[in-house]
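*Asks:*
There are 2 protein chains.
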Amino acid sequence: MTKYVYFFKEGNKDMRELLGGKGANLAEMTNLGLPVPQGFTITTEACQNYYLNNQELSKEIADEVLAKVMELEKLTGKKFGDAKNPLLVSVRSGSRASMPGMMDTVLNLGLNDDVANNYSNNEESKRFIYDSYRRFIMMFADVVKGYSKEKFERYLDQYKKDHNKEYDIELSADDWFTITNDFKKIYYDIAKEDFPSNPQIQLLEAVKAVFKSWNNDRAKYYRKMNDIPDDWGTAVNVQEMVYGNLKENSGTGVAFSRNPSTGENELYGEYLINAQGEDVVAGVRTPEAIATLEKIMPDIYTEFKQIAKNLENHYKDMQDMEFTIEAGKLYILQTRNGKRTASAAIKIAVDMVKEGLISKEDALLRVMPKQLDSLLHPTFNKDVLAKEKWIAQGLAASPGAGSGKIYFDAEDLINASKSGEKTILLRLETSPEDIEGMNYAEGVLTIRGGMTSHAAVVARGMGKCCICGCSDLTIDVNKKIVTTKDGLVLKKGSEISLDGSTGKVYAGILPLEESQISGDFKTFMDWADEIRHLHVRANAETVKDVKTAMLFGAEGIGLCRTEHMFFSEERIFNFRKMILANTKEERTKALDAILPYQLQDFEQIFASAAPNPVVIRYLDPPLHEFLPKTDEEIKELATSLNISVTDINKRIMELKEMNPMMGHRGCRLLITYPEIAQMQTKAVITSAINTIKKGINIIPEIMIPLVGDENELAYIKNIVDETAKKTMKDLDCNIKYMVGTMIELPRAALKASEIAKYAEFFSFGTNDLTQMTYGFSRDDASKFLTTYYDQKIFSQDPFTTIDETGVGKLIEMAITKGKSVNKNIELGICGEHGGEAKSIEYFNKIGIDYVSCSPYRVPVARLAAARAAIIEKMNN
Amino acid sequence: MTKYVYFFKEGNKDMRELLGGKGANLAEMTNLGLPVPQGFTITTEACQNYYLNNQELSKEIADEVLAKVMELEKLTGKKFGDAKNPLLVSVRSGSRASMPGMMDTVLNLGLNDDVANNYSNNEESKRFIYDSYRRFIMMFADVVKGYSKEKFERYLDQYKKDHNKEYDIELSADDWFTITNDFKKIYYDIAKEDFPSNPQIQLLEAVKAVFKSWNNDRAKYYRKMNDIPDDWGTAVNVQEMVYGNLKENSGTGVAFSRNPSTGENELYGEYLINAQGEDVVAGVRTPEAIATLEKIMPDIYTEFKQIAKNLENHYKDMQDMEFTIEAGKLYILQTRNGKRTASAAIKIAVDMVKEGLISKEDALLRVMPKQLDSLLHPTFNKDVLAKEKWIAQGLAASPGAGSGKIYFDAEDLINASKSGEKTILLRLETSPEDIEGMNYAEGVLTIRGGMTSHAAVVARGMGKCCICGCSDLTIDVNKKIVTTKDGLVLKKGSEISLDGSTGKVYAGILPLEESQISGDFKTFMDWADEIRHLHVRANAETVKDVKTAMLFGAEGIGLCRTEHMFFSEERIFNFRKMILANTKEERTKALDAILPYQLQDFEQIFASAAPNPVVIRYLDPPLHEFLPKTDEEIKELATSLNISVTDINKRIMELKEMNPMMGHRGCRLLITYPEIAQMQTKAVITSAINTIKKGINIIPEIMIPLVGDENELAYIKNIVDETAKKTMKDLDCNIKYMVGTMIELPRAALKASEIAKYAEFFSFGTNDLTQMTYGFSRDDASKFLTTYYDQKIFSQDPFTTIDETGVGKLIEMAITKGKSVNKNIELGICGEHGGEAKSIEYFNKIGIDYVSCSPYRVPVARLAAARAAIIEKMNN
């Protein structure tokens with residue numbers, strides 16, 4: 002018989018698959034002898050069972066839960082529903098991966114009229130118990146029954162207004178008693194049945210509700226964003242309640258063993274005296290910094306600090322802990338590896354290596370490659386920032402620079418962002434409903450809440466710039482207006498800039514500058530380079546991008562898309578002339594005019610990349626992409642080319658294609674217009690010779706796109722070789738160059754042994770290869786892929802993460818076939834998968850020599866390659 | 002050292018690769034002791050050498066040719082350039098495959114002033130020799146030097162006008178002497194050098210010219226049309242001249258050992274007295290039927306008849322022979338397996354089996370599957386034909402029915418045909434330049450020329466209806482008008498109908514009727530069925546097509562495209578309503594309205610196909626294909642659906658795709674709109690139950706298109722199974738049905754083991770699979786594929802003949818993977834390759850169970866499958 006329920010003392014930290022992260026850590030702490038309120042964990046298998054069982058708790062599980070309640074009663078000496086000595090519990094979710102705030106929680110479970118009555122021996126107790134009871138009723142109605150909180154809240158607001166009270170704190174014990182009874186009536190009105198007084202029933206219902214919350218919309222969205230599988234399910238933790246709101250010698254807080262924003266090795270966190278945990282997290286009251294606790298409760302502070310250090314040493318990672326002080330006694334409610342900003346992650350990892358706590362390999366495995374993104378994105382220009390006057394300051398909750406238009410509402414913001422606007426989410430405080438909006442925003446700004454508020458935690462996890470608790474701003478929620486201390490009024494659409502590293506808010510959009518890899522970040526990346534063997538190149542075709550790529554550690558240019566060089570004004574004119582030419586002679590003449598530009602570009606790129614290699618891809622897109630689209634542009638072109646509008650329109654019609662992705666492009670263009678390949682070869686070889694003559698060493702790699710048959714490549718390689726030979730003879734200088742091909746059509750992979758006869762390298766264009774293998778047009782597939790994710794037909798986007806079982810099989814086939822003909826063939830990746838960590842791990846495994854990605858993803862790829870090498874070593 | 006030149010006696014019929022067809026047969030006949038004018042063959046390897054050698058004859062080859070000339074001089078006792086006893090030769094092409102009239106020929110080679118002078122001892126000889134000499138000069142100028150014949154022809158016309166002569170025959174020996182001298186002057190004017198008098202030089206130049214003619218446009222076009230590889234090259238035959246125009250006891254002719262039009266076992270052919278071979282072939286004079294030769298030259302006739310029978314027995318095939326009678330002596334100039342109409346091919350094959358000459362297998366290998374096409378196309382309705390009065394009658398040169406508009410010019414005709422017109426090519430006589438036009442025409446009609454004229458031979462080869470020598474019509478070539486005997490005037494664009502089986506021409510377009518498989522054709526097809534093991538199904542979705550398919554021997558329907566059923570007026574309305582629906586409810590309602598139609602269709606199809614299987618493919622094309630295109634149609638739809646034009650246009654815009662081929666179609670539609678799959682399943686199961694209840698046995702096969710992932714198929718199969726279960730329960734009847742998938746995406750092949758878990762059959766959609774594997778959009782690829790063929794990058798169209806080395810590898814992979822999971826999985830082909838002979842041979846080899854093709858290709862596929870089985874057996 003499967004065991005579905007574990008007492009905390011029965012588990013340990015390695016059981017997170019079964020017990021969830023929270024449950025496993027509660028078990029571990031219990032066994033470490035830490036002061037943990039006792040309880041038990043209902044396993045993730047029980048959750049799976051619940052879903053298989055048509056969203057019902059099986060009798061087997063229900064019985065086991067109730068049996069465990071009896072054990073807990075024995076352990077605590079308290080009893081469910083006992084008026085004298087009642088057992089009150091919290092019921093919380095806890096999945097394998099942390100999903101903070103995404104699922105539901107029920108607190109104060111076990112309360113009923115008997116218990117409350119019996120507890121009301123004085124004003125203070127009565128006030129406390131009925132405040133808790135009314136909270137429980139509302140929470141149960143909302144979370145377990147799915148009734149809206151609105152009626153309860155509206156009633157409470159009205160009650161306060163009627164009794165001329167503003168804050169909850171002003172209400173008396175009797176007020177809460179009345180309110181509790183009225184809440185029960187409201188519950189009855191909605192539910193058409195009494196609020197359940199039996200704690201067993203309360204508990205079983207709550208457990209089901211937590212299981213159900215695994216599939217609420219925000220949890221699903223969070224999982225999708227964080228690649229968490231839908232079939233893991235959540236565990237449920239049932240734990241004795243402790244109360245931080247019992248008296249003035251009570252309190253509750255959240256703390257990190259190191260600073261999650263900067264990585265500094267200092268106890269970092271916040272607490273509230275006489276409050277419940279939800280008050281801290283929800284950001285309703287702005288809490289105190291943890292350091293001040295030392296003065297108020299020195300013993301508790303010392304005890305907690307020691308526990309924090311012990312937990313960090315035990316888990317060998319920075320810990321994020323929740324604690325409660327109930328009547329002068331410290332309880333640890335939760336510990337977990339703390340979420341942190343990318344720079345904190347790096348500092349902590351580097352420090353811990355220096356402290357001898359972890360190895361370099363551990364350090365590299367600690368930082369997710371994706372996290373580096375936020376370190377690489379531009380920051381505000383420091384000189385500008387120094388001169389600029391800020392308009393408000395809050396807590397520097399998550400570093401980074403964010404500029405955009407203010408939105409007060411996540412839905413509005415998402416729409417604006419989708420239409421291309423840069424946006425800032427401005428909220429009194431954020432709640433889990435805002436998570437999708439936060440993801441779309443450039444930055445998040447809240448008026449209330451501390452460094453551990455929802456907004457702060459989620460933004461740090463996303464690597465999104467965030468300023469919290471910005472009380473310099475006054476918000477009028479109804480009018481959707483905020484006012485600064487100086488009286489500046491900001492409304493929907495006003496432009497502001499957030500500096501997440503200082504907490505300062507600026508008016509308008511500030512200019513940005515490149516970020517730098519230095520200090521701990523550099524140390525960390527150097528370790529990655531020591532360990533990895535997969536090389537990393539960049540996709541770039543402007544000198545600026547090539548320089549950025551080199552700055553970020555690229556070992557060459559893996560994809561220089563020559564067509565991007567045709568778009569500036571004087572070039573596009575001649576390129577259009579080429580397209581509109583009626584004869585080979587006219588075409589050649591137009592191309593001759595482009596040659597000097599292309600030559601100059603290549604020289605600059607070679608100089609910026611040398612001595613690293615540069616892979617130059619010849620013209621790829623269909624010609625119609627270069628022709629004007631509007632009538633006006635067409636007229637203008639006709640005038641400047643001295644031909645008729647009719648002729649241009651005729652050519653546009655001729656070039657129109659049903660399925661341009663599978664049309665006249667890539668090597669097909671070079672075959673029909675060999676003079677393009679001739680011009681491009683002349684430019685590559687001449688510029689390489691000029692570069693070499695300056696004493697800079699370079700071996701250009703010429704790459705032919707969209708090859709599907711060896712004869713295509715042979716035909717073009719012949720043109721390239723003939724032109725190169727002639728160019729070298731004309732310039733009286735022999736140089737080395739390589740000719741290779743993209744493998745981006747299924748047929749190219751299938752025929753790789755034949756194609757390899759003419760190719761010195763293969764570069765896998767995984768974007769097109771994915772399109773053709775799936776038969777998905779990237780431009781059109783989003784229409785139905787949403788349904789695919791919803792219906793769990795696909796678990797990941799094949800355009801983001803390489804499809805190992807399909808597309809990957811073609812790549813592996815091409816590698817084997819290619820190597821069978823030319824064992825030294827150079828193998829690269831130049832699709833977007835080249836910058837994605839999971840895909841890089843795969844490419845490392847199958848023997849790719851290098852990946853090429855956008856300059857900003859180069860460090861991501863370097864780290865991912867190092868992690869792949871470590872994982873590979875661990876598996877061998 | 003390679004031997005490049007073979008005396009006829011050195012070769013044999015099995016050397017056609019080296020000596021070409023004509024050379025090998027001349028060798029064979031020489032060794033059989035037949036009266037063949039002697040000579041030698043320059044090999045196809047010499048031709049390849051010529052092209053490799055920059056279109057020059059290597060000294061080695063030239064020397065070998067001249068050495069062979071000396072041997073020929075010894076053998077004949079004649080000498081090149083000898084005034085007394087000159088050796089005159091013909092120089093003719095002869096490739097491995099017959100390419101009649103496509104390449105160049107030079108006759109009378111060896112003539113010069115000395116020879117001509119010496120031969121002019123009487124008026125008759127002088128007339129003959131100068132007539133030959135002037136022909137030689139013009140031919141040499143035209144063929145060898147590439148000068149236009151026009152100047153020569155214009156001069157001759159002027160000469161006749163000046164001398165008041167109308168026909169060549171009226172010119173005297175002195176006239177020809179003058180003309181010859183003037184021809185030499187014209188030659189000098191163009192060439193700036195004298196006409197070469199040295200026969201050695203004449204010969205070497207002529208040999209080069211023949212080699213060069215391998216690559217003239219019409220030869221290239223012919224090869225492409227007939228799948229003849231470009232790299233074979235041609236051999237050259239140098240043969241002593243014999244003259245059928247020497248005296249009245251001379252003549253020349255062409256004959257077949259059996260009737261090439263009907264297949265009757267009778268000597269069949271034509272001859273002209275006192276004429277050269279070219280006069281017969283060119284159709285300038287209308288020749289006499291061969292049977293009349295028996296009266297004029299009984300001995301020659303008997304001798305020839307015997308030779309014909311001997312050759313047929315020797316080659317075990319019907320022979321096409323050229324002969325010349327020079328001063329009472331018979332020479333055989335050529336024999337080859339005769340081209341014949343499809344019905345003749347079948348009759349001859351069946352007769353020869355009955356005569357014990359060949360086996361059934363031989364018979365099946367004798368008829369090219371492609372040839373059957375012409376037998377299957379409709380013929381004129383016999384009742385109508387009986388009542389209709391014909392307007393002219395000519396020779397029934399090639400059977401079949403053809404109706405269309407008259408064109409006098411191949412180029413005009415091609416343009417008209419490309420724009421969708423049905424056309425008839427009407428010419429005085431055709432020449433090789435007309436071949437492309439003949440291919441586009443529905444039928445060919447010539448005023449002059451016999452059963453073996455160019456038009457007749459080529460039309461029979463193409464299986465195209467043709468009437469020759471229709472002297473009932475008078476043509477005015479300049480005005481482009483023909484007049485019948487009754488004075489009816491036909492001009493460009495007039496509609497006529499040709500009955501190629503009777504030679505009768507009708508005015509207007511006559512109605513057609515289905516052809517029948519009966520008599521010899523049926524015997525032949527029965528033999529094919531005995532031998533083949535690959536099954537043949539048809540693609541059909543109308544009752545008419547299903548019936549035709551069954552008539553033609555289909556063993557089921559392999560592809561019933563349900564979307565074709567949505568296009569009739571009342572259906573498209575509801576289908577559009579479905580597309581424009583905003584909710585699932587509206588969509589379901591619109592689909593409910595279509596259900597009864599679809600149900601009725603399926604019932605009729607099941608009834609027509611039973612007990613054969615029917616594979617029903619669910620909705621495949623993108624929805625936008627069903628929406629109206631013009632503003633008017635949109636307006637109409639808006640009115641009838643009572644929605645706004647704006648809403649319809651909005652939906653049209655939403656459905657627009659960048660690459661529809663890779664967009665929202667196939668199973669992707671069924672996933673986003675599961676109610677379509679539900680409706681279609683309900684229709685299939687209900688109609689199958691209704692059919693079975695009538696006592697007709699049927700197992701419907703439900704096919705899901707465009708699957709690329711097992712989860713897609715699993716998801717839809719679940720919908721199908723649930724709906725089927727419910728439908729069967731509602732109707733209280735359990736039936737068997739199959740669910741399978743198309744394999745038409747590369748990924749489907751790569752993931753076939755997973756997909757096979759949910760599929761009872763795979764049907765390879767080779768059209769889409771070819772598109773995706775190559776990354777070729779069929780709609781767009783023609784733009785560049787022309788260049789691919791010209792540049793010899795591709796030798797065949799991958800959309801016509803399956804690409805065995807690329808696409809085929811995916812198919813083979815899918816078969817292996819599919820069988821590893823389900824060894825009984827049913828394997829079919831439903832792309833257009835399923836009806837193409839070469840592809841069928843391949844499918845047979847790799848273990849496909851059935852091919853499915855259009856009804857008219859079913860017999861083609863049956864024959865191809867039989868041939869594949871025979872070839873397979875021969876190879877084992």
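Chains as they are written, first to last, in this note's numbering: chain V, 2 to 877; chain Y, 2 to 877. Glycine included, every Cβ here is placed at the ideal spot set by N, Cα and C.
(1) How would you list, in chain order, the residues of chain V whose beta-carbon sits under 9 Å from the beta-carbon of Y/D231?
(2) Can you give the beta carbon distance from V/A753 to V/K818, rounded, assuming they're within the 8 Å contact cut?
(3) How would you list, in chain order, the residues of chain V whose beta-carbon sits under 8 Å from the beta-carbon of Y/D781?
(4) Could you name each continuous beta strand (DSSP E) segment of 3 residues or more that falls completely within the segment 501-570 of chain Y, going from the start of the chain to the end?
(5) Relative to the C-alpha of V/H834, which residue among V/D769, V/I407, V/I871 is closest?
(6) Can you tell me which of Y/D175, Y/M140, Y/L205 puts its alpha carbon nearest to the alpha carbon of Y/N118?
(7) Which residues, in order along the segment 325-339 of chain V, keep a beta-carbon less than 8 Å from a beta-carbon of chain Y?
(8) Give a single yes or no on whether V/S214 has its beta carbon closer than 6 Å to a heavy atom of the ligand SAM.
(9) Can you name the residues of chain V whose CB is closer than 8 Å to the CB of Y/I672?
(10) Going by beta-carbon coordinates alone, are V/E702 and V/V616 separated by less than 7 Å?
(11) Name, please, each residue of chain V whose Cβ falls closer than 7 Å to the Cβ of Y/E713.
(12) Any idea what DSSP makes of Y/K758, helix, strand or coil?
(13) Give me whichever residues DSSP pairs with Y/M71 in a beta bridge.
(14) So what does V/A397 bridge to, in DSSP terms?
(15) Given this structure, state the Cα-to-Cα distance separating Y/E241 from Y/G462, to the nearest angstrom.
(16) According to DSSP, what are the bridge partners of Y/G829?
(17) In chain order, which continuous runs of the beta strand (DSSP E) of length 3 or greater are located wholly inside the segment 34-107 of chain V?
(18) What is the rounded straight-line gap between the Cα of V/M551 and the Cα of V/K371?
(19) Across the segment 756-774 of chain Y and the segment 821-830 of chain Y, are there enough close Cβ pairs to call them in contact, namely three or more that are closer than 8 Å?
(20) Could you give the C-beta distance for V/L414 and V/G438, rounded to a whole number, given that I count them as a contact under 8 Å?
(21) When DSSP builds the beta bridges, which residues end up paired with Y/R337?
(22) So, are the CB atoms of V/G504 and V/G395 less than 7 Å apart?
(23) Enumerated in chain order, which unbroken segments of the beta strand (DSSP E) with a length of 3 residues or greater are wholly contained in the segment 409-444 of chain Y?
(24) Provide the residue span of the beta strand (DSSP E) that contains V/G252, from first to last.
(25) Counting only runs of 4+ residues fully inside the segment 175-216 of chain Y, write out the alpha helix (DSSP H) ranges in chain order.
(26) Quick check on Y/P675 - is its C-beta less than 7 Å from some C-beta in chain V?
*Replies:* Taking the geometry as given:
(1) Your numbering for residue 231 of chain Y matches position 230 in the second sequence. For Y/D231, there are no neighbours in chain V by C-beta distance under 9 Å, as the nearest C-beta there is about 13 Å away.
(2) In the first sequence, residue 753 of chain V corresponds to position 752, counting from 1. In the first sequence, residue 818 of chain V corresponds to position 817, counting from 1. Sure, about 4 Å apart at Cβ, within 8 Å.
(3) In the second sequence, residue 781 of chain Y corresponds to position 780, counting from 1. Neighbours of Y/D781 on chain V, chain order: E658, M659, N660, P661, M663, G664, H665.
(4) Those beta strand (DSSP E) runs which fall completely within the segment 501-570 of chain Y and span 3+ residues are 505-508, 536-540, 558-562.
(5) Start at 1 with the first residue of the first sequence, and residue 834 of chain V comes out as number 833. For the residues V/D769, V/I407, V/I871, the minimum Cα distance to V/H834 belongs to V/D769.
(6) The sequence position of residue 118 of chain Y within the second sequence is 117, counting from 1. Residue Y/D175 is the option with its Cα nearest to Y/N118.
(7) If the cut-off is 8 Å between Cβ atoms, the segment 325-339 of chain V has nothing near chain Y.
(8) The model on display carries no ligand, and the ligand SAM is accordingly not part of it.
(9) Locating residue 672 of chain Y in the second sequence gives position 671, counting from the first residue. The answer, in chain order, is F785, T788, Y789, Q792, I794.
(10) Stepping through the first sequence from its first residue, residue 702 of chain V is reached at position 701. Stepping through the first sequence from its first residue, residue 616 of chain V is reached at position 615. Closer than 7 Å, so yes.
(11) As a first step, residue 713 of chain Y is located in the second sequence; it is residue number 712 there, counting from the start. Near Y/E713 (Cβ distances below 7 Å), the residues of chain V are I794.
(12) Numbered from its first residue, the second sequence carries residue 758 of chain Y at position 757. Under the three-state reduction of DSSP, Y/K758 is assigned to helix.
(13) Taking the second sequence and counting its residues from 1, the one referred to as residue 71 of chain Y is at position 70. DSSP, once it has assigned bridges, lists no residue as partnering Y/M71.
(14) Along the first sequence, read from residue 1 onward, the residue named residue 397 of chain V stands at position 396. Bridge partners of V/A397: V/I468.
(15) Position 240 of the second sequence, counted from the first residue, corresponds to residue 241 of chain Y. Position 461 of the second sequence, counted from the first residue, corresponds to residue 462 of chain Y. A direct Cα-to-Cα measurement between Y/E241 and Y/G462 gives close to 30 Å.
(16) Locating residue 829 of chain Y in the second sequence gives position 828, counting from the first residue. As computed with DSSP, Y/G829 is found in a beta bridge with Y/S764, Y/Y851.
(17) Every beta strand (DSSP E) stretch that sits fully inside the segment 34-107 of chain V and reaches 3 residues is listed by chain position as 40-43, 90-96.
(18) Position 550 of the first sequence holds residue 551 of chain V. Position 370 of the first sequence holds residue 371 of chain V. So the alpha carbons of these two residues sit roughly 20 Å apart.
(19) Judged by Cβ distances under 8 Å, the segment 756-774 of chain Y makes contact with the segment 821-830 of chain Y, as three or more pairs qualify.
(20) Sequence index remark: in the first sequence, residue 414 of chain V carries index 413 (1-based). Sequence index remark: in the first sequence, residue 438 of chain V carries index 437 (1-based). Yes, they are in contact, since the Cβ atoms of V/L414 and V/G438 sit about 5 Å apart, within 8 Å.
(21) Along the second sequence, one-based indexing puts residue 337 of chain Y at 336. DSSP lists Y/D321 as partners of Y/R337.
(22) Residue mapping note: residue 504 of chain V aligns to position 503 of the first sequence, counting from 1. Residue mapping note: residue 395 of chain V aligns to position 394 of the first sequence, counting from 1. For V/G504 and V/G395, yes; Cβs fall inside 7 Å.
(23) Counting whole runs of 3 or more residues, the segment 409-444 of chain Y contains the beta strand (DSSP E) stretches 424-428.
(24) The residue you call residue 252 of chain V lines up with position 251 of the first sequence. Going by DSSP, V/G252 is part of the beta strand (DSSP E) stretching over 252-257.
(25) If we require 4 residues or more, the alpha helix (DSSP H) runs fully inside the segment 175-216 of chain Y come out as 200-214.
(26) Here the question's residue 675 of chain Y lines up with position 674 in the second sequence. Put simply, the CB of Y/P675 is far from chain V, with every gap to its CB atoms at 7 Å or more.
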